[in-house]
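Single-structure report; data block below.
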Amino acid sequence: MVTRAAVVADLEEVLRTPIDFVADPDDESWYRGELFGEAVFIRMGDFPDEEAYSLYLGHGRWMDFTAIPRRWTITTPPGGWPPTARPRLAKGEFHE
1 MVTRAAVVAD
11 LEEVLRTPID
21 FVADPDDESW
31 YRGELFGEAV
41 FIRMGDFPDE
51 EAYSLYLGHG
61 RWMDFTAIPR
71 RWTITTPPGG
81 WPPTARPRLA
91 KGEFHE
């Protein structure tokens, strides 16, 4: 479950490390990855109005991507997010 308090401690490490981001079952349009036991979050953008993906860096900062780094994978279940997932919010807004 993504929160505003999530922080990327080392951006360069995140960008060079293979990470499999999987659809976060609690938040529609969010994907969760792990790096050294810490959660890392990507938001799927509202394309074409936004970039395809945004990595949440923390403290209201983002890194936007049209294509993800080649060492990352993004996995969405065939049925998408479960109906229990919290609805998508505008970029920068969080359920809290």
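Sequential numbering of the sequence shown, starting at 1, is according to the numbering used here.
Backbone N, C-alpha and C define an ideal beta-carbon position, used for all residues, glycine too.
Fair warning: this is a prediction, and the values are worked out from it, not measured in the lab.
query: Length of the line joining the Cα atoms of F65 and R43; result: 10 Å
query: G33 classed as buried or exposed, judged by whether at least 16 other C-beta atoms fall within 10 angstroms; result: buried
query: Residue burial classification, A23 (beta-carbon count within 10 angstroms, cutoff 16); result: buried
query: Nearest residue (CA-CA) to F21, options A5, F36, V40; result: V40
query: Inter-stretch contact at 8 Å, needing at least 3 Cβ pairs: the region 76-83 / the region 45-63; result: no
query: Of the listed residues R70, A67, E13, P83, nearest to F36 (C-alpha basis); result: E13
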